[in-house]
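Beneath this line is the structure, given in structure tokens, with notes to follow.
Number of protein chains: 2
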Amino acid sequence: MDTDIIRSWHKNTAPWVSAVRDGEIESRTLVTNQAIVDAVRSLAPASGIDIGCGEGWLVRALDGVAMTGVDVVPGLVEAARQAGGGDFRTMSYEEIAQARLDLAVDVAICNFSLLGDESVAGLFRAAPTYLKPGGALVVQTMHPVTACGDAPYVDGWREGSWAGFNEGFVDPPPWYFRTLASWVRLFTGHGLQLREIREPVHPRTGKPVSLILVGSLDGVREKYA
Amino acid sequence: MDTDIIRSWHKNTAPWVSAVRDGEIESRTLVTNQAIVDAVRSLAPASGIDIGCGEGWLVRALDGVAMTGVDVVPGLVEAARQAGGGDFRTMSYEEIAQARLDLAVDVAICNFSLLGDESVAGLFRAAPTYLKPGGALVVQTMHPVTACGDAPYVDGWREGSWAGFNEGFVDPPPWYFRTLASWVRLFTGHGLQLREIREPVHPRTGKPVSLILVGSLDGVREKYA
Numbered sequence: 000m001d002t003d004i005i006r007s008w009h010k011n012t013a014p015w016v017s018a019v020r021d022g023e024i025e026s027r028t029l030v031t032n033q034a035i036v037d038a039v040r041s042l043a044p045a046s047g048i049d050i051g052c053g054e055g056w057l058v059r060a061l062d063g064v065a066m067t068g069v070d071v072v073p074g075l076v077e078a079a080r081q082a083g084g085g086d087f088r089t090m091s092y093e094e095i096a097q098a099r100l101d102l103a104v105d106v107a108i109c110n111f112s113l114l115g116d117e118s119v120a121g122l123f124r125a126a127p128t129y130l131k132p133g134g135a136l137v138v139q140t141m142h143p144v145t146a147c148g149d150a151p152y153v154d155g156w157r158e159g160s161w162a163g164f165n166e167g168f169v170d171p172p173p174w175y176f177r178t179l180a181s182w183v184r185l186f187t188g189h190g191l192q193l194r195e196i197r198e199p200v201h202p203r204t205g206k207p208v209s210l211i212l213v214g215s216l217d218g219v220r221e222k223y224a
Numbered sequence: 000m001d002t003d004i005i006r007s008w009h010k011n012t013a014p015w016v017s018a019v020r021d022g023e024i025e026s027r028t029l030v031t032n033q034a035i036v037d038a039v040r041s042l043a044p045a046s047g048i049d050i051g052c053g054e055g056w057l058v059r060a061l062d063g064v065a066m067t068g069v070d071v072v073p074g075l076v077e078a079a080r081q082a083g084g085g086d087f088r089t090m091s092y093e094e095i096a097q098a099r100l101d102l103a104v105d106v107a108i109c110n111f112s113l114l115g116d117e118s119v120a121g122l123f124r125a126a127p128t129y130l131k132p133g134g135a136l137v138v139q140t141m142h143p144v145t146a147c148g149d150a151p152y153v154d155g156w157r158e159g160s161w162a163g164f165n166e167g168f169v170d171p172p173p174w175y176f177r178t179l180a181s182w183v184r185l186f187t188g189h190g191l192q193l194r195e196i197r198e199p200v201h202p203r204t205g206k207p208v209s210l211i212l213v214g215s216l217d218g219v220r221e222k223y224a
């Protein structure tokens, strides 16, 4: 299933670049773009990595932070490079899990980029290979309770959908649903202390749109210092 | 508003004792009673305190753990004492906040007993005066996202309701709604590391009924050891 996700993104590179750059995704332009920028800025990082950076908008938005962007889809990395604002690399989550990044940044960001199952656990396990001791991992994801829909509130694969996106999108990728409890366990189970949760609220519905979790590597400082 | 809550509980002591002891509250008998017992047992504590213990069922359920129960309502403490299973004291959250407990237990439990605003913050601030260094605070509360109802998802006072309870109940207490982000901040903002979140699910609806947060005092071990 994790590989189906990548296959889908290879096919949807072009519509994705225009959807993001033309501001077609309302929840992003209205709420979640600013929310992730605010969450990262509040940590005052000097350096960072955007994991699953896509076409690179967040790297560009974090001007003043020495940013690296990583994505597995070459077409997205190419689009990001052309727009600039940081260093960009093509790399899979599996390669990151194998310590291939070899960085030591202040903050790592996964902005709606954790769609898989095992591949996500691998990223968390590898945090000490790209984060400084004391560095933070910031994850934004759909709010589990509101995103659950009619299905039972349990972890598991869900069918994807491009509902609300333009007609250029094909073959929606499957995604792995995680409860709030499971998101928290991804942090605490991999040596990351949960520091903060944010719940950006939609201005019209008054309900939480997304969940931002901030964890830090403090707990294993001695081990990796 | 915090005092309105206590006033209401003084009036509802008798119906509350029977509602709990006769198993009238379905979400409790079906889901949340066992969930809090499991969460506490998973920590294997030797000693504990139940803050806002009511008529004392949880103290009795945690047999084998040296338990103290505390409640501000004398009628509830009296009912708890008669049923036994631990030590019981009549004390307000304000008195606990003033370090009047003077205990050092392995686990403190607040099971649906954090209904107020300032009084709750005081309890968290005082955690080092009743918990051992490394001790855990376990809170069960209604799941914020599902309990929010039609109101905006922001902290604030809400009107109480006895809907679903028997006709003996009067003057429902107001309660202070907290978002998930605010619950987490109560822990992290008072020197408690968030260790775990549990989301007990209703067997019929498949949706989370409650939220259990487990924090520990590890972060301030040096200070209070």
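Protein sequences appear in the order of chains A and B.
Numbering (numbering that gives the first Met the number 0) for the first sequence: 0 to 224.
Numbering (numbering that gives the first Met the number 0) for the second sequence: 0 to 224.
Each residue gets a CB set at the ideal place from its N, CA and C atoms; glycine is no exception.
These numbers come from a predicted model, not from an experiment.
Counting only beta-carbon atoms, is residue i nearer than 8 Å to chain A?
| i | result |
| --- | --- |
| residue 191 of chain B | no |
| residue 179 of chain B | yes |
| residue 187 of chain B | yes |
Using a Cβ cut-off of 8 Å (strictly closer), state whether residue i contacts chain B.
| i | result |
| --- | --- |
| residue 198 of chain A | yes |
| residue 113 of chain A | no |
| residue 127 of chain A | no |
| residue 31 of chain A | no |
| residue 1 of chain A | no |
| residue 194 of chain A | yes |
| residue 205 of chain A | yes |
| residue 16 of chain A | no |
| residue 140 of chain A | no |
| residue 172 of chain A | no |
| residue 183 of chain A | yes |
| residue 145 of chain A | yes |
| residue 151 of chain A | yes |
Pick from the options: whose alpha carbon is nearest that of residue i?
| i | options | result |
| --- | --- | --- |
| residue 205 of chain B | A:185, A:212, A:190 and A:148 | A:148 |
| residue 23 of chain A | A:137, A:217 and A:167 | A:167 |
| residue 36 of chain B | B:199, B:75 and B:215 | B:199 |
| residue 26 of chain B | B:73, B:179, B:111 and B:144 | B:111 |
| residue 151 of chain B | A:144, A:188 and A:202 | A:202 |
| residue 65 of chain A | A:85, A:108, A:73 and A:72 | A:85 |
| residue 143 of chain B | B:80, B:48 and B:175 | B:175 |
| residue 68 of chain A | A:60, A:50 and A:78 | A:50 |
| residue 102 of chain B | B:80, B:141 and B:125 | B:125 |
| residue 225 of chain B | B:1, B:30 and B:18 | Here chain B covers residues 0 to 224 and nothing more, so residue 225 of chain B does not appear. |
| residue 52 of chain A | A:141, A:31 and A:87 | A:87 |
| residue 190 of chain B | A:189, A:188, A:195 and A:59 | A:195 |
| residue 155 of chain B | B:179, B:165 and B:138 | B:179 |
| residue 119 of chain A | A:177, A:210, A:207 and A:209 | A:177 |
| residue 161 of chain A | A:1, A:7 and A:2 | A:7 |
Label residue i either buried or exposed according to how many other C-beta atoms from any shown protein chain fall within 10 Å of its C-beta, with 16 as the threshold for buried.
| i | result |
| --- | --- |
| residue 170 of chain A | exposed |
| residue 54 of chain A | buried |
| residue 135 of chain B | buried |
| residue 33 of chain A | exposed |
| residue 11 of chain B | buried |
| residue 197 of chain A | buried |
| residue 9 of chain B | exposed |
| residue 183 of chain A | buried |
| residue 31 of chain B | buried |
| residue 140 of chain A | buried |
| residue 58 of chain B | buried |
| residue 153 of chain B | exposed |
By Cβ distance, which residues of its chain are closer than 6 Å to residue i, with the 5 residues on each side in sequence left out?
| i | result |
| --- | --- |
| residue 4 of chain B | 114, 115 and 172 |
| residue 42 of chain A | 106 and 135 |
| residue 63 of chain B | none |
| residue 71 of chain A | 5 and 91 |
| residue 89 of chain B | 73 and 76 |
| residue 16 of chain B | 54 and 78 |
Excluding five sequence neighbours on each side, which residues of the same chain lie with their C-beta closer than 8 Å to the C-beta of residue i?
| i | result |
| --- | --- |
| residue 186 of chain A | 123, 136, 192, 193, 212 and 214 |
| residue 45 of chain B | 64, 65 and 105 |
| residue 47 of chain A | 39, 61, 64, 65, 66, 67, 104, 105, 106, 107 and 108 |
| residue 28 of chain B | 22 |
| residue 233 of chain A | Because residue 233 of chain A is not part of the residues shown, which for chain A are 0 to 224, the question remains open. |
| residue 13 of chain A | 74 and 167 |
| residue 20 of chain B | 54 and 56 |
Going by DSSP, which residues form a beta bridge with residue i?
| i | result |
| --- | --- |
| residue 140 of chain B | B:210 |
| residue 104 of chain B | B:130 |
| residue 49 of chain B | B:68 and B:108 |
| residue 153 of chain A | Its beta-bridge partners do not exist; DSSP assigns none. |
| residue 89 of chain A | A:70 |
| residue 54 of chain A | DSSP, once it has assigned bridges, lists no residue as partnering residue 54 of chain A. |
Which same chain residues end up closer than 7 Å to residue i when comparing Cβ atoms and leaving out the 5 residues on each side of it in sequence?
| i | result |
| --- | --- |
| residue 121 of chain A | 92, 93 and 96 |
| residue 128 of chain B | 98, 100 and 101 |
Using a beta-carbon distance below 8 Å, is residue i in contact with chain C?
| i | result |
| --- | --- |
| residue 175 of chain B | Note that chain C does not occur in the displayed structure, where the protein chains are A and B. |
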